[in-house]
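To convert a position in the sequence shown, counted from 1, into the numbering used here, add 12.
Here is the structure we will look at, set down as structure tokens.
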Amino acid sequence: MESRNQLHVMFLPYLAPGHMMPMVDIARSFASHGINVTILTTPKNVLPFASAVDRDIKSGKYIQFNVLHFPSSEFGLPEGCENLTAAPTPKMTVKLFHAIDMLQPQVEQVFRECRPDCIVSDYLFPWTVDVAIELGIPRLAFNGSGFFNLCVAHNLEHYKPHMNVVSETESFVVPGLPDQITFTRSQLPDIVKTKTRFSALFDKLKEVEKKSFGVLVNSFYELEPAYIDHSRKVIGLKVWPIGPASLLNNDEKAERGDKPSIPKHSCLSWLDSKEPTSVVYICFGSLIRFTKSQITEMASALEESGHSFVWTIGKVLTVDDTHNNDQQQQNSWLPEGFEEKVTQSGQGLIIRGWAPQVLILTHPAIGGFLTHCGWNSIMEGISAGIPMVTWPIFAEQFYNEKLVTQALRFGVSVGNDTWKLWATEESPLINKEKIKKAIIEIMNNSNEAIEMRKKARRLRELARKAVEEGGSSWSNIKDLIEGIRSYKPTDVTKTR
Ligand code: UDP
């Protein structure tokens, strides 16, 4: 039975897999620590998590969904289009942003009626801070990325080193960071370089941060200690590293985030037939879409690399908002005969749709991860102890790449230098030679590759320890819960 002293914490994730998955992981972990948890989301977004939450309920935890109405038709979105992964073009993504904004009054009403003890809100919902203040409860922001990203963004804004270079391709060092980190201007988000339509939102996000109780981060102290200290001491943030989120719940790995489009046993038996660390896993997250010519270059690179591979082909790039036949497109976009050839020879396993990423990454056969550097993928690769080939495209992915290749040094870059605003827009073509070279560099037995493998394995051990009872992330969750329990509205102003 729920005790009268049980804390009630409400979680409000943003409607994209890369935000929802770690937040649901954290919410479920709070429930394991005895908290009564409610996750606010829309009907379609309940589905990928329903069975995990049902299992939690059956095992006696207090966790439930509060399901909101999603205004798809009001914004000209097809029925069921409630998540960024379902928006094939920038135009549709913008419509979805507007529809998501319209959830505000509904969510505020739920908060006022339920009067939870704490709100954990995605940082992209800055308005949740005002209702938390009104109710006299703490509001924690969930930041979807890591500390390295926070520090790079802060120091770029503070020192503006990109203003001192003459071209988009001249490299420069970001001053004041614990490591020597270089960028070119072409790798920076446009919001760093100029005012954009998102500038007001980002200014608001920084402003509300000061009124929040603190920031939850899917990272762990031992991964980036100097950047966590920098975030606290130099930027002045009150932060709790509580990850890796994917390790917080001892769970069925095959189901994480969605139902996989390949049966678990087929995936495992294919991997079981391979030598340890002999397979490259390729996945570009939940949002990125490539052109046919880029897919062709990837196919040739993978085949010519000579290494075995598991390739998750996501959705393909389209200019048409209305098309809904991704499967048919994916089939026709691979070079003719490629799939048959690599399947028959046993070199490749192709997954169309949703891959059981954590299940694959943690299999002993996996020796390398070609990733777009989404933060969750980085954390999952680290948790599995796998060296990476980095191929960032949008958002803060170029920052995450530098953590892997320049700060922690357990990966090599494929060499994409052009940041894009949208995951659903065309990027400059990366030719097969570059892709092949980077794959071979992490998969071969050179001293450098062996060193990267060792570093990655060491990080895996640190990640596992962080979430064990008494580990740094485990202790941070405990401290945080105590902080919520003893919260007084004046705490926010006092801690700054
Ligand atoms: N993911 C997955 N299967 C897929 C594609 C993605 O399990 O086929 C998961 C992946 O494990 C990660 C999340 O979706 O947890 C993607 O988040 P990330 O931050 O890496 O990238 P984003 O999708 O936000 O660009």
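For every residue, glycine included, the Cβ atom is placed at its ideal position computed from N, Cα and C.
The structure presented is a predicted model; accordingly, all values stated were derived computationally and were not measured.
Expected contact under 8 Å - CB spacing of residue i and residue j to nearest Å
i    : j    : result
I51  : F23  : 5 Å
S484 : F232 : 6 Å
A435 : I405 : 7 Å
V354 : H319 : Going by Cβ atoms, the distance from V354 to H319 rounds to 11 Å, so no, they are not a contact pair.
S41  : I489 : 7 Å
G158 : V229 : 7 Å
V220 : V141 : 4 Å
A475 : P187 : Not confirmed; about 30 Å, so no contact.
S243 : L162 : 5 Å
Any non-hydrogen atom of the ligand ZN closer than 8 Å to residue i Cβ
i    : result
I300 : In the structure on display, the ligand ZN does not appear, and the ligands it does have are the ligand UDP.
From the options, residue whose alpha carbon lies closest to that of residue i
i    : options                   : result
L280 : K70, A377 and V141        : A377
L471 : I394, P29, G30 and T303   : I394
M464 : I489, I447, R421 and R151 : R421
S273 : V220, G365, F210 and D241 : G365
T417 : L382, I247, S439 and K490 : L382
N346 : L433, Q192 and T303       : According to the sequence displayed, residue 346 carries Leu and not Asn. When only C-alpha atoms are compared, the closest one is T303.
G349 : E315, V370 and L228       : E315
T54  : G386, P440, A28 and M400  : A28
I362 : K73, W387, I325 and N459  : I325
I462 : E264, K414, E494 and G397 : G397
G92  : A111, N388, F77 and D263  : A111
K205 : Q116, E437, S487 and K172 : K172
For residue i, three-class secondary structure by DSSP
i    : result
A419 : helix
Q359 : coil
A377 : coil
R301 : coil
R469 : helix
V132 : strand
K477 : helix
L382 : strand
Y293 : strand
T507 : Only weak support exists for where T507 lies, its pLDDT of 49 falling under 50; the coordinates are left without a value.
T208 : coil
R268 : coil
Q118 : helix
Q7   : Residue coverage of the chain in this structure runs from 13 to 508, which leaves residue 7 outside it and unanswerable.
Q76  : strand
D491 : helix
P404 : coil
S320 : strand
G393 : helix
R197 : helix
F82  : coil
A450 : helix
R40  : helix
A153 : strand
F184 : strand
S498 : coil
Exposure label - residue i; buried when at least 16 CB within 10 Å
i    : result
C126 : exposed
H277 : exposed
T507 : Residue placement at T507 is flagged as unreliable, the pLDDT there being 49, under the threshold of 50; the coordinate-derived value follows with that caveat. Its Cβ having fewer than 16 others within 10 Å, T507 is exposed.
E182 : exposed
T402 : buried
I149 : buried
S298 : buried
E309 : buried
G379 : buried
D332 : exposed
S344 : exposed
V424 : buried
M114 : exposed
H166 : buried
Residue i beta carbon near the ligand UDP (any heavy atom closer than 8 Å)
i    : result
N388 : yes
Q121 : no
V401 : no
T436 : no
D68  : no
Q356 : no
C295 : yes
H384 : yes
P29  : yes
T324 : yes
V229 : no
M310 : no
G349 : no
P275 : no
G365 : yes
S317 : no
S183 : no
T97  : yes
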